[in-house]
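Reading through the structure tokens given below for one structure.
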């Protein structure tokens, strides 16, 4: 086969024949900044026919703070449910989960537990980060994940930076 014929054959292959995302994990911290990536996430999920798994991670609290933990968990579930309903109305398949613990560890464990093919995370959480480019949770997840991690950058106003 000549190089011209080979390159023609390669060009006819479609991208989606090689990469398939069935489950996309999307960690959210409750901030508007984190939620600003949802339009892009929805577009990607729709294109692949993927299921979205939205998650949020609460801080560990002492056992004596059970009432506070329950209240925070309820608030996190309500937050995710509002987003889930919006995405479902856009025709997407969406599940939610709330975890308690270290955010990076919980995200990585959820990716394994739910057999995610991709993690999409905002570059920075709602409270800012030491680095203007990559927050500590996003950096830990991207550095330790066994699956691809898309890190999306959004401005404080919720507009994507290019």
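In my numbering, the protein residues as written are 717 to 878. Each residue gets a CB set at the ideal place from its N, CA and C atoms; glycine is no exception. Treat the numbers as computed from the prediction; the structure is a model and nothing was measured.
Pull up the DSSP beta-bridge partners for residue 811, would you.
-> 769
Give the straight-line distance between the Cα atoms of residue 830 and residue 838, rounded to the nearest whole angstrom.
-> 20 Å
Look at residue 810 and residue 803 and say whether their C-beta atoms are less than 8 Å apart.
-> yes
Who are the Cβ neighbours of residue 767 in its own chain at under 6 Å, not counting the five residues just before and after it?
-> 739 and 809
Cβ neighbour criterion (16 or more within 10 Å) applied to residue 822 | buried
Spatially closest choice to residue 741 from 859, 757, 749 and 752, by CA coordinates = 757
Kindly indicate which three-state DSSP category residue 742 falls into: helix, strand or coil?
-> strand
Please say whether residue 834 and residue 857 have beta carbons closer to each other than 8 Å?
-> no
Measure the C-alpha to C-alpha separation of residue 828 and residue 780 and round it to an integer number of angstroms.
-> 30 Å
Rounded C-beta distance between residue 772 and residue 744? I'm assuming under 8 Å.
-> 5 Å
Where the alpha helix (DSSP H) containing residue 736 begins and where it ends | It is not in any alpha helix (DSSP H) - residue 736 carries neither H nor E in the DSSP assignment.
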